[in-house]
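Letter by letter, the sequence shown follows residues 1102 to 1387 of the numbering used here.
For reference, the structure discussed in these notes is given below.
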Amino acid sequence: MCARRTPDGNGPAMTEMAGKTRFDDIYDRPDPRAYFRRLAPFAYEIPQHAQGVFRRTLAERELGGPPGADGEPVTVLDLCCSYGINAALLNHDLTLADLYAHYTDEAADRLTPGELLDRDKEFYAARRRPDAVRIIGVDTAAQATAYALAVGLLDEAYAENLERVPPSHGLARAMGRVGLITVTGGIGYVSHRTFDALLEHVRIPLWVSAFVLRTVPYDRIAESLAAHGLATTTDPHHLYPQRLFTDPAEQRDAVDRVAAAGADPTGFEAAGRYYTRLYESRPAAA
1102 MCARRTPDGN GPAMTEMAGK TRFDDIYDRP DPRAYFRRLA PFAYEIPQHA
1152 QGVFRRTLAE RELGGPPGAD GEPVTVLDLC CSYGINAALL NHDLTLADLY
1202 AHYTDEAADR LTPGELLDRD KEFYAARRRP DAVRIIGVDT AAQATAYALA
1252 VGLLDEAYAE NLERVPPSHG LARAMGRVGL ITVTGGIGYV SHRTFDALLE
1302 HVRIPLWVSA FVLRTVPYDR IAESLAAHGL ATTTDPHHLY PQRLFTDPAE
1352 QRDAVDRVAA AGADPTGFEA AGRYYTRLYE SRPAAA
């Protein structure tokens, strides 16, 4: 998830996401313990579903070539990377349940942030997959991205608000190696502005895999991607659960938004959870 910041106070998070519970206090801590403790009761699960999808998509992207710079595998950019959770699952022999257990046990509670960081370096290094890929993280949360970089989950991290300002020189340069953008929790908090800012600096064929809440429209982002030569597809019947609702008001808002979008919340949002759709964008020629 991205830290919840909008460009001018009237951006997408103030409209499309207005009925969604805010967890602002957990998104930019020195480490992810509060994040996992707060979200555990609501069974936040979308990163686990996305892990397999991203791995398959990355394999297809590499087969579809051409590869990244100097013939090496493409780099992944995880948008709204937070504490590097998608990177942890993609590049390590871990499940999301493992991460919940790791950060909510009593041993973790007793550690200082520095001690936890040292423990996590060893924890992730011992579980690194042999097929791990290079991952760049982008999020507005400086402490969260710094943690993910420090423990080795990210190869590069950029705490930047692309809704407001263009990418830094470092991020613009890094985009030249990116062949896949992934996102699980940020659409609605970031808009087409962020994608436009990133795609201006693409240098190799780019694919995008985005899990998007059914309460949030993706049309404007798809239009921006199309302007950069990417065609977007989705299967409206294949849904992925995100988390339980925090209260009846949040559920009513979600049900109303899904129905207003012409979809049926029966058995999905009406049954108590947010659901997402997967949008895949690839070069139109492919």
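A virtual CB, placed ideally from N, CA and C, is assigned to each residue, including glycine.
Would you call the CB atoms of residue i and residue j closer than 8 Å?
| i | j | result |
| --- | --- | --- |
| Arg1315 | Ala1385 | no |
| Thr1176 | Arg1278 | yes |
| Thr1205 | Phe1137 | yes |
| Tyr1225 | Leu1254 | yes |
| Thr1392 | Glu1351 | Examination of residue 1392 is not possible in this model, given that the chain is present from 1102 through 1387 alone. |
| Pro1366 | Val1356 | yes |
| Arg1294 | Glu1324 | no |
| Tyr1380 | Thr1335 | yes |
| Gly1120 | Asp1354 | yes |
Name the DSSP bridge partner or partners of residue i?
| i | result |
| --- | --- |
| Asp1210 | The partner list for Asp1210 (beta bridge, DSSP) is empty, contrary to what the question assumes. |
| Gly1238 | Asp1179 and Ala1258 |
| Ser1292 | Answer is none; Ser1292 lacks a bridge partner. |
| Arg1229 | His1193 |
| Glu1381 | Ser1310 and Thr1334 |
| Val1279 | Thr1176 |
| Arg1374 | Leu1345 |
| Leu1326 | None, per the DSSP bridge assignment. |
| Val1284 | Ala1311 |
Assuming residue i and residue j form a contact by the criterion Cβ under 8 Å, report the distance between their Cβ atoms to the nearest whole angstrom.
| i | j | result |
| --- | --- | --- |
| Leu1218 | Asp1129 | Leu1218 to Asp1129, Cβ: 16 Å. No contact. |
| Glu1261 | Thr1241 | 7 Å |
| Phe1312 | Ala1198 | At roughly 19 Å, the Cβ-Cβ gap does not stay under 8 Å, so Phe1312 and Ala1198 are not in contact. |
| Phe1070 | Leu1340 | In the structure as shown, the chain begins at 1102 and stops at 1387. Residue 1070 is therefore absent and cannot be evaluated. |
| His1193 | Arg1230 | 6 Å |
| Leu1178 | Val1239 | 6 Å |
| Cys1181 | Gly1271 | So it is not a contact: roughly 18 Å between Cβ atoms. |
| Pro1268 | Ala1298 | 6 Å |
Leaving out the 5 sequence neighbours to the left and right, which residues in its chain are closer than 6 Å to residue i when beta-carbon positions are compared?
| i | result |
| --- | --- |
| Tyr1145 | Arg1344 |
| Ala1170 | Interpretation of Ala1170 is limited by its pLDDT of 47, a score under 50 that renders its predicted location unreliable; no figure is taken from the coordinates. |
| Ala1275 | Ile1237 and Glu1257 |
| Val1317 | Glu1117, Ile1288 and Gly1289 |
| Ala1233 | Asn1192 |
| His1203 | none |
So, for residue i: in the same chain, excluding its five sequence neighbours on each side, which residues have a beta-carbon less than 7 Å away from its beta-carbon?
| i | result |
| --- | --- |
| Arg1383 | Trp1308, Leu1331 and Ala1332 |
| Arg1228 | His1193, Asp1194 and Leu1195 |
| Thr1347 | Thr1122 and Phe1143 |
| Pro1214 | Pro1131 and Asp1132 |
| Glu1163 | Pro1174 and Val1175 |
| Gly1110 | Note on Gly1110: pLDDT 43, under 50, position unreliable in the model; the coordinate value appears next. Same-chain partners within the cutoff: there are none. |
| Val1359 | Arg1315, Thr1316, Pro1366 and Glu1370 |
| Val1154 | Ser1310 and Leu1379 |
Can you give me the Cβ contacts of residue i inside the same chain, cut-off strictly under 8 Å, excluding the 5 residues immediately before and after it?
| i | result |
| --- | --- |
| Ala1141 | Tyr1201 and Thr1205 |
| Ala1135 | Asp1126 and Ile1127 |
| Ala1372 | none |
| Val1303 | Met1276, Gly1277, Val1279 and His1329 |
| Gln1149 | Leu1190, Thr1196, Leu1197 and Ala1198 |
If you measure from the CB of residue i, is any heavy atom of the ligand GDP nearer than 7 Å?
| i | result |
| --- | --- |
| Arg1220 | Although the ligand GDP was asked about, the structure shown includes no ligands whatsoever. |
Exercise. Assess, as a yes-or-no matter, whether the region 1245-1260 is touched by the region 1178-1186 under the definition of 3 or more beta carbon pairs within less than 8 Å.
Key: yes
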